[in-house]
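2 protein chains.
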Amino acid sequence: MIGKLEMFIALANEQHFGRAAQSLGLTQPTLSTGIKQLEEQLGVQLVRRGSRYGGLTPEGQRALEWARQIVGDVRRFRDEMRYSREGLSGRLRLAVIPTALTWASRLVAGFQHRHEKVRFTIQSRTSIEILAMLENLEIDAGVSYLDNEPLGRVSTVPLYRESYTMICAQGHRLAKRDSVDWAEIGGEKLCLLTPDMQNRRIINKAFMDSGQAPVAEMESNSTVVLVSYVERGDWVTILPDDLARFLAAGKGLSIVPIRSPGEAHSVGLVAPYQEPHTPVLQALLDEAGALAKSD
Amino acid sequence: MIGKLEMFIALANEQHFGRAAQSLGLTQPTLSTGIKQLEEQLGVQLVRRGSRYGGLTPEGQRALEWARQIVGDVRRFRDEMRYSREGLSGRLRLAVIPTALTWASRLVAGFQHRHEKVRFTIQSRTSIEILAMLENLEIDAGVSYLDNEPLGRVSTVPLYRESYTMICAQGHRLAKRDSVDWAEIGGEKLCLLTPDMQNRRIINKAFMDSGQAPVAEMESNSTVVLVSYVERGDWVTILPDDLARFLAAGKGLSIVPIRSPGEAHSVGLVAPYQEPHTPVLQALLDEAGALAKSD
DNA sequence: GTTTTCCGATAGGGATTTTCTATCACCCTC
DNA sequence: GAGGGTGATAGAAAATCCCTATCGGAAAAC
Chain A
6 MIGKLEMFIA LANEQHFGRA AQSLGLTQPT LSTGIKQLEE QLGVQLVRRG
56 SRYGGLTPEG QRALEWARQI VGDVRRFRDE MRYSREGLSG RLRLAVIPTA
106 LTWASRLVAG FQHRHEKVRF TIQSRTSIEI LAMLENLEID AGVSYLDNEP
156 LGRVSTVPLY RESYTMICAQ GHRLAKRDSV DWAEIGGEKL CLLTPDMQNR
206 RIINKAFMDS GQAPVAEMES NSTVVLVSYV ERGDWVTILP DDLARFLAAG
256 KGLSIVPIRS PGEAHSVGLV APYQEPHTPV LQALLDEAGA LAKSD
Chain B
6 MIGKLEMFIA LANEQHFGRA AQSLGLTQPT LSTGIKQLEE QLGVQLVRRG
56 SRYGGLTPEG QRALEWARQI VGDVRRFRDE MRYSREGLSG RLRLAVIPTA
106 LTWASRLVAG FQHRHEKVRF TIQSRTSIEI LAMLENLEID AGVSYLDNEP
156 LGRVSTVPLY RESYTMICAQ GHRLAKRDSV DWAEIGGEKL CLLTPDMQNR
206 RIINKAFMDS GQAPVAEMES NSTVVLVSYV ERGDWVTILP DDLARFLAAG
256 KGLSIVPIRS PGEAHSVGLV APYQEPHTPV LQALLDEAGA LAKSD
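The listed protein sequences correspond, in order, to chains A and B. Note that this note's numbering has the first sequence beginning at 6, numbered continuously upward. Note that this note's numbering has the second sequence beginning at 6, numbered continuously upward.
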């Protein structure tokens, strides 16, 4: 039964029998019959068929919520039993917005120093992807914006508040300034994150509030690309100060704080709403709380 | 996995491998290996052994909570899917304190009139047994006292408040009274419910408050026995008015209200805390709410 | 309009798991 | 030390799971 529910969740994620099977390490016929058996056991059609995957029926939608609840509980159960056997161990899967990667590293490094048996997987993702992956049980926690856009049913621990800086080459006309404001940057050659990133939407709004209509001449979903562009020309990019210092170090770049009238956006750890958390996740949330307080 | 968890719950209930197996329609070796496999899968010892069942380990206790949560969710899931297939149907298992049996009948009869495909099982139990059976998933809901003694994590719907009456033969010296008080009854030949019943404990307290130390010369766990005793002698019993009218009807018995200074005890429907309830149970809770209001 | 490609369902067989019956080993009681 | 009760173990039958191979149908490509 639980295996079938996992198949069903994977199918709803991938919207494709073959890929769903692959994601579980199964073959397509196995998953196909698995779903069929689940439907027979429940006496309800869950998936619309017609020579291809055609979405979930209303019952399927409802069943998906139950499946997530039950499979999630079974995993938390197993995790807790493993904990009572061998203490904090296992692998925590995190997804992190690009602008918080250095913070996430700091958090994880501190945690791992204390709990050596815990392994980590950190993926760089957009805030929207993070929420979806939390729902689908593909990650255990995320680091993302806590305000600004709706979150859904999750537990959160604030980590820090973003404040933005401008990065440019040292020869740039704004390089020697103590600070700049959004209106001044609007006219520069901008390279920014792609608009699927919430960070970019925040920056867009800041420009709009200052009366600018920003045009990013170069876009990327990688902050590394942004900075390496800045390094080789008269481009300008905008990043949180923490990440800016990390990426610009030793490259002959200038970091100029931006005077911001608007609110600073809160970034923090995001975990599934379900209680109780697994012991490892709880420990990470505690660590995040301590880190936020000490900072 | 879910099958194993059900075995584990049954074992914790019965405290005996053979009986637990029987309660699930399995043989003892099957359950025995099932528990062993569960322990291997979780990597944790759940049950203390030593040629007989020796209770749960601390990990076993924790695992039992998870097992109840998960198995309960799976059942609610299946129920909801069955509901979307064929509407309100299935069997609702109720346990009811003896003094509320007539009320429970009224509730169930009204419900079944509206939803003919729903079957019922009604058991007469003590309030303590009802709570245990709710925990162990042996019943879907109960009718019990809502105050007076601790309930635990349950949803409740008040139904009515008990007020007590005295029942005696028509020739009895108190038979013609408009009302009596607890002090007057204390000296009579009493037949009452056994002290494992919360109702008896409530009556004891009422006597104590009036300065009496009641001695029930005859005790039973069945209200039918109480009334049939009253019928054939100079005995007196005490029952809620509703049940008193039902049992005494046509028997030449007198029903005399008791003037009570104390609070009336609230009786209502009790269901597992977990949300969401199954559709059938939710409908019963709604029915109870409507019945209570109309009364 | 035909061919190709993609997708999911189905058939059949081998491996694994489940569950039964029968029996054993242990402990407690008498 | 015999007997009853309890749980573990062995071995066989039944059920299930999951694979490979293949089919049918629909969309896409030519």
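A virtual CB, placed ideally from N, CA and C, is assigned to each residue, including glycine.
Exercise. Ordered along the chain, which non-local residues of its own chain (more than five positions away) have a Cβ less than 6 Å from that of B:Ser132?
Worked result: Walking along the second sequence from the start, residue 132 of chain B turns up at place 127. Contacts found: Ile102, Ser149, Tyr150, Gln203.
For this session: Could you tell me if A:Gly273 is buried or exposed, where buried requires 16 or more neighbouring beta carbons within 10 angstroms of its beta carbon?
Result: Here residue 273 of chain A refers to the residue found at position 268 of the first sequence. Result: buried.
Problem set entry | Rounded C-alpha distance that separates A:Val261 from A:Tyr169 | The residue given as residue 261 of chain A occupies position 256 in the first sequence. The residue given as residue 169 of chain A occupies position 164 in the first sequence. Between A:Val261 and A:Tyr169, the C-alpha separation is close to 9 Å.
Exercise. At what residues does the alpha helix (DSSP H) containing B:Leu231 begin and finish?
Worked result: Taking the first residue of the second sequence as position 1, residue 231 of chain B is located at position 226. Start and end: 228-236.
Exercise. Okay, do the segment 132-141 of chain A and the segment 74-94 of chain A touch, 3+ Cβ pairs below 8 Å being the bar?
Worked result: no
For this session: Report the rounded CA-to-CA distance for A:Phe13 versus A:Phe22, giving the unit in angstroms.
Result: One-based indexing of the first sequence puts residue 13 of chain A at position 8. One-based indexing of the first sequence puts residue 22 of chain A at position 17. One C-alpha to the other measures close to 10 Å.
For this session: Return the Cβ separation of A:Gly294 and A:Val162 in integer angstroms, given the expectation that the two are a contact with Cβ distance under 8 Å.
Result: What you label residue 294 of chain A is simply residue 289 of the first sequence in a count that begins at 1. What you label residue 162 of chain A is simply residue 157 of the first sequence in a count that begins at 1. That pair is a contact at about 5 Å.
Exercise. What separation, rounded to the nearest whole angstrom, lies between the Cα atoms of B:Ala17 and A:Arg205?
Worked result: Working through the second sequence from its first residue, we reach residue 17 of chain B at position 12. Working through the first sequence from its first residue, we reach residue 205 of chain A at position 200. Each residue's alpha carbon lies about 55 Å from the other.
For this session: Could you tell me the boundaries of the beta strand (DSSP E) in which B:Arg87 lies?
Result: Position 82 of the second sequence holds residue 87 of chain B. No beta strand (DSSP E) contains B:Arg87, which is instead part of the alpha helix (DSSP H) from 63-91.
For this session: Spell out whether any CB of chain B is found under 8 Å from the CB atom of A:Arg83.
Result: Position 78 of the first sequence, counting from 1, holds the residue named residue 83 of chain A. For A:Arg83, the answer is yes, since a Cβ of chain B falls inside 8 Å of its Cβ.
For this session: Count the C-beta pairs between the segment 58-78 of chain A and the segment 113-128 of chain A that are closer than 8 Å, then say yes if the count reaches three, no if not.
Result: Because the criterion of three Cβ pairs below 8 Å is not met, the segment 58-78 of chain A and the segment 113-128 of chain A do not touch.
Exercise. DSSP on B:Gln128, reduced to helix/strand/coil?
Worked result: Working through the second sequence from its first residue, we reach residue 128 of chain B at position 123. The answer is strand: DSSP assigns B:Gln128 an E or B state.
Exercise. In chain B, what lies closer than 7 Å to A:Glu64 by C-beta?
Worked result: Numbered from 1 along the first sequence, position 59 holds the residue referred to as residue 64 of chain A. The answer, in chain order, is Met86, Ser89.
Exercise. Which residue's Cα is closest to the Cα of A:Phe251: A:Gly92, A:Tyr234, A:Ala269, A:Thr228?
Worked result: The residue you call residue 251 of chain A lines up with position 246 of the first sequence. For A:Phe251, the nearest C-alpha among the options comes from A:Thr228.
Problem set entry | C-beta atoms of A:Ile263 and A:Leu197 nearer than 8 Å | Here the question's residue 263 of chain A lines up with position 258 in the first sequence. Here the question's residue 197 of chain A lines up with position 192 in the first sequence. Against a cut-off of 8 Å, the Cβ pair of A:Leu197 and A:Ile263 comes out as no contact.
Exercise. So, are the CB atoms of B:Val79 and B:Val285 less than 8 Å apart?
Worked result: Reading the second sequence from its first residue, position 74 is the one you call residue 79 of chain B. Reading the second sequence from its first residue, position 280 is the one you call residue 285 of chain B. The answer is no: Cβ separation not under 8 Å.
For this session: Please state if the CB of A:Glu64 and the CB of A:Val49 are separated by a distance shorter than 8 Å.
Result: To locate residue 49 of chain A, count along the first sequence from 1; it is residue 44. To locate residue 64 of chain A, count along the first sequence from 1; it is residue 59. Contact: yes.
Problem set entry | chain A contact residues for B:Asp78, given Cβ-Cβ distances below 8 Å | The residue you call residue 78 of chain B lines up with position 73 of the second sequence. What B:Asp78 touches in chain A: Trp71, Gln74, Ile75, Asp78.
Exercise. Is A:Ser28 helix, strand or coil when you go by DSSP?
Worked result: Translated into positions along the first sequence, residue 28 of chain A becomes position 23. A:Ser28 falls in the helix class under three-state DSSP.
Exercise. Checking contacts by CB at 8 Å: is B:Arg67 closer than that to chain A?
Worked result: Within the second sequence, residue 67 of chain B is the residue found at index 62, counting from 1. Closer than 8 Å to some Cβ of chain A, the Cβ of B:Arg67 qualifies, so yes.
Exercise. Looking only at DSSP bridge pairs, what is A:Ile243 linked to?
Worked result: As a working mapping, residue 243 of chain A is identified with position 238 in the first sequence. Its beta-bridge partners are A:Met171.
Problem set entry | Through-space distance from B:Pro200 to B:Gly147, alpha-carbon basis | As a position in the second sequence, residue 147 of chain B is number 142, starting the count at 1. As a position in the second sequence, residue 200 of chain B is number 195, starting the count at 1. When rounded, the distance between both Cα atoms is 20 Å.
Exercise. Hey, how far is the Cα of A:Glu167 from the Cα of A:Ala188?
Worked result: One-based indexing of the first sequence puts residue 167 of chain A at position 162. One-based indexing of the first sequence puts residue 188 of chain A at position 183. Answer to the nearest angstrom: the Cα atoms are 19 Å apart.
For this session: Could you tell me which residues DSSP puts in a beta bridge with A:Asp186?
Result: Position 181 of the first sequence, counted from the first residue, corresponds to residue 186 of chain A. Its beta-bridge partners are A:Arg264.
For this session: Determine the direct distance from the alpha carbon of B:Asp214 to that of B:Ile1, and round the result to whole angstroms.
Result: The structure shown has nothing for residue 1 of chain B, since chain B only spans 6 to 300.
Exercise. When DSSP builds the beta bridges, which residues end up paired with A:Val148?
Worked result: If you number the first sequence from 1, residue 148 of chain A lands on position 143. Its beta-bridge partners are A:Val101, A:Leu274.
Exercise. DSSP on A:Thr161, reduced to helix/strand/coil?
Worked result: Walking along the first sequence from the start, residue 161 of chain A turns up at place 156. In this structure, A:Thr161 counts as strand in the three-state DSSP scheme.
For this session: Specify the secondary structure class of B:Ala221 as computed by DSSP and reduced to three states.
Result: For the purposes of this step, residue 221 of chain B is identified with residue 216 of the second sequence, where counting begins at 1. Residue state, collapsed to three classes: strand.
Exercise. B:Leu258: which of B:Glu236, B:Pro277, B:Ser110, B:Tyr165 sits nearest, CA to CA?
Worked result: As a first step, residue 258 of chain B must be located in the second sequence, where it is residue number 253. Nearest of B:Glu236, B:Pro277, B:Ser110, B:Tyr165 to B:Leu258, Cα basis: B:Glu236.
Problem set entry | Residue range of the beta strand (DSSP E) that includes B:Leu197 | What you label residue 197 of chain B is simply residue 192 of the second sequence in a count that begins at 1. Per DSSP, B:Leu197 belongs to the beta strand (DSSP E) from 195-198.
For this session: Ignore the nearest five residues each way along the sequence and tell me which others in A:Arg81's own chain have a CB closer than 6 Å to its CB.
Result: Here residue 81 of chain A refers to the residue found at position 76 of the first sequence. Correct list, in chain order: Thr283.
For this session: Could you tell me whether the Cβ atoms of A:Ile144 and A:Leu99 are closer together than 8 Å?
Result: Here residue 144 of chain A corresponds to residue number 139 of the first sequence, with the count starting at 1. Here residue 99 of chain A corresponds to residue number 94 of the first sequence, with the count starting at 1. Yes, the pair counts as a contact, with Cβ atoms nearer than the cut-off.
Exercise. For the candidate residues B:Leu93, B:Gly255, B:Glu140, whose alpha-carbon lies nearest to that of B:Ala15?
Worked result: Along the second sequence, one-based indexing puts residue 15 of chain B at 10. Out of B:Leu93, B:Gly255, B:Glu140, B:Glu140 has the C-alpha closest to the C-alpha of B:Ala15.
Exercise. CA-CA distance, B:Pro277 and A:Ser110?
Worked result: Within the second sequence, residue 277 of chain B is the residue found at index 272, counting from 1. Within the first sequence, residue 110 of chain A is the residue found at index 105, counting from 1. Cα to Cα, B:Pro277 sits roughly 43 Å from A:Ser110.
For this session: Please confirm whether A:Ile7 and B:Ile40 have their CB atoms less than 8 Å apart.
Result: Position 2 of the first sequence holds residue 7 of chain A. Position 35 of the second sequence holds residue 40 of chain B. Going by C-beta atoms, A:Ile7 is not nearer than 8 Å to B:Ile40.
Exercise. So which residues of chain A does B:Ile7 contact, with C-beta pairs closer than 7 Å?
Worked result: Counted from its first residue, the second sequence places residue 7 of chain B at position 2. Near B:Ile7 (Cβ distances below 7 Å), the residues of chain A are Met6, Ile7.
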